[in-house]
Amino acid sequence: AEPRAKFTRVLLKISGEALMGDQGFGLHPPTVERIAGEVKSVHDLGVEICMVIGGGNVFRGLQGSAQGMERTTADYMGMLATVMNALAMQSSLERMGVNTRVISAIRMDEVCEPYIRRRAVRHLEKKRVCIFAAGTGNPYFTTDTAATLRANEMRCQAIFKGTKVDGVYDKDPVKHADAKRYDTVTYDEVLQKHLGVMDASAIALARDNDVPIIVFSLDETGGFRGILNGEGTYTRVH
Ligand code: UDP
Numbered sequence: 006a007e008p009r010a011k012f013t014r015v016l017l018k019i020s021g022e023a024l025m026g027d028q029g030f031g032l033h034p035p036t037v038e039r040i041a042g043e044v045k046s047v048h049d050l051g052v053e054i055c056m057v058i059g060g061g062n063v064f065r066g067l068q069g070s071a072q073g074m075e076r077t078t079a080d081y082m083g084m085l086a087t088v089m090n091a092l093a094m095q096s097s098l099e100r101m102g103v104n105t106r107v108i109s110a111i112r113m114d115e116v117c118e119p120y121i122r123r124r125a126v127r128h129l130e131k132k133r134v135c136i137f138a139a140g141t142g143n144p145y146f147t148t149d150t151a152a153t154l155r156a157n158e159m160r161c162q163a164i165f166k167g168t169k170v171d172g173v174y175d176k177d178p179v180k181h182a183d184a185k186r187y188d189t190v191t192y193d194e195v196l197q198k199h200l201g202v203m204d205a206s207a208i209a210l211a212r213d214n215d216v217p218i219i220v221f222s223l224d225e226t227g228g229f230r231g232i233l234n235g236e237g238t239y240t241r242v243h
């Protein structure tokens with residue numbers, strides 16, 4: 006287990022689907038609220054928090070291009086979807102009294118701040134949760150890569166990837182009862198065995214800059230805070 010003092014600044018990555026609850030699409034406000042509560046409980050420990058939220062609950066570039074849309078246009082739609090998710094998360098966190106900023110890789114000054122690295126660092130120092138939206142701002146990337154990029158730029162000690170299961174398994178634990186969870190696994194093993202933690206470019210970017218990825222379950226209440234306190238099960242990709 007990790008000693009708690011080790012983490013003073015972390016990045017939490019969640020998929021857009023984590024916000025849709027049992028609906029097949031969009032935002033489920035009680036679920037957004039619950040995850041905001043998880044973030045608040047870690048914020049209460051004094052940990053500086055960055056967040057990256059995907060957009061798959063609304064739109065994915067590949068889905069659009071499969072239907073004949075130009076890939077870059079479809080990817081921009083996906084990026085815009087992440088901005089809506091970020092605003093929903095901001096709204097929930099602020100209702101709980103946590104100060105936040107939504108920071109977009111694509112300028113939309115009426116809606117949120119543009120990404121300026123030094124400014125974002127200052128927000129973190131002032132204990133504002135920084136929600137990075139619009140991915141990397143570039144088509145052909147994913148929000149996993151955006152998460153790794155921002156974690157590097159903000160010098161986070163780890164990327165916390167919240168999923169439906171409590172770590173990385175050798176096969177899908179939902180389908181196979183004998184699936185085994187790794188306590189730790191290397192970046193290269195994830196890539197070679199196609200373990201599906203994050204896409205390959207995100208894993209490679211984390212590897213080349215030595216940012217560990219902690220894969221944990223977001224379904225368990227108190228799980229995020231627990232890991233920061235040195236408890237719970239998870240996989241450390243390093
Ligand atoms: N996207 C992109 N560039 C980025 C990040 C995201 O083009 O830097 C687009 C891409 O089309 C992607 C969509 O936004 O499918 C939603 O992001 P993602 O699939 O990563 O969301 P998640 O699976 O985490 O919900």
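Using the UniProt record's numbering, the first residue of the sequence shown is number 6, and each one after it goes up by one.
For each residue, glycine too, the CB sits at the ideal point set by N, CA and C.
6 angstroms CB neighbourhood of residue i in its chain, flanking five on each side removed
| i | result |
| --- | --- |
| R230 | S46, V47 |
| S97 | V37, E38, A41 |
| A6 | Bear in mind that the predicted position of A6 carries a pLDDT of just 47, short of 50, making it unreliable; the figure below should be weighed with that in mind. The residues are G235. |
| P217 | A163, R241, H243 |
| C117 | V107, S109 |
| R112 | P119 |
Identified DSSP bridge partners for residue i
| i | result |
| --- | --- |
| L17 | M56, F165 |
| residue 3 | Nothing can be reported for residue 3: it is not among the residues displayed for the chain, which extend from 6 to 243. |
| S70 | None; S70 has no bridge partner. |
| V107 | I136 |
| P144 | Beta-bridge pairing links P144 to no other residue. |
| E118 | I108 |
| R186 | Y174 |
Residue i vs residue j beta-carbon contact at 8 angstroms
| i | j | result |
| --- | --- | --- |
| I58 | I19 | yes |
| N104 | R133 | yes |
| G172 | T240 | yes |
| F165 | I219 | yes |
| G31 | G61 | no |
| M84 | G140 | yes |
| R14 | L129 | yes |
| C135 | R106 | yes |
| L24 | A93 | yes |
| A138 | T87 | yes |
| L233 | F12 | yes |
| M159 | A125 | yes |
| M82 | G69 | yes |
| F221 | G201 | no |
Which of helix, strand or coil DSSP assigns to residue i
| i | result |
| --- | --- |
| F229 | helix |
| V173 | coil |
| R124 | helix |
| F12 | coil |
| R155 | helix |
| G42 | helix |
| D213 | helix |
| N90 | helix |
| L98 | helix |
| E194 | helix |
| M82 | helix |
| E130 | helix |
| H181 | coil |
| L24 | helix |
| H199 | coil |
| D149 | helix |
| V63 | coil |
| H33 | coil |
Close-in-space but distant-in-sequence residues of the same chain around residue i (CB under 8 angstroms, 5 per side omitted)
| i | result |
| --- | --- |
| G227 | E43, S46 |
| D193 | R212 |
| T189 | T240, R241, V242, H243 |
| L223 | I19, A23, I40, E43, G167, T168, K169, F229 |
| L16 | I54, C55, M56, V57, A152, R155, A156, M159, C161, A163, I164, F165 |
Neighbour flag for residue i against chain C, beta carbons, 8 angstroms
| i | result |
| --- | --- |
| R230 | No chain C is part of this structure, which consists of one protein chain only. |
Close Cβ partners of residue i (< 7 angstroms) along its chain, the five nearest in sequence each way excluded
| i | result |
| --- | --- |
| D149 | K18, M203, D204, A207 |
| T191 | H243 |
| Y174 | A184, K185, R186 |
| A91 | I58, V107, I136, A138 |
| message | I want to know whether the region 144 to 152 touches the region 75 to 91 - three or more CB-CB distances under 8 angstroms. | response | Cβ pair count under 8 angstroms is three or more, so yes.
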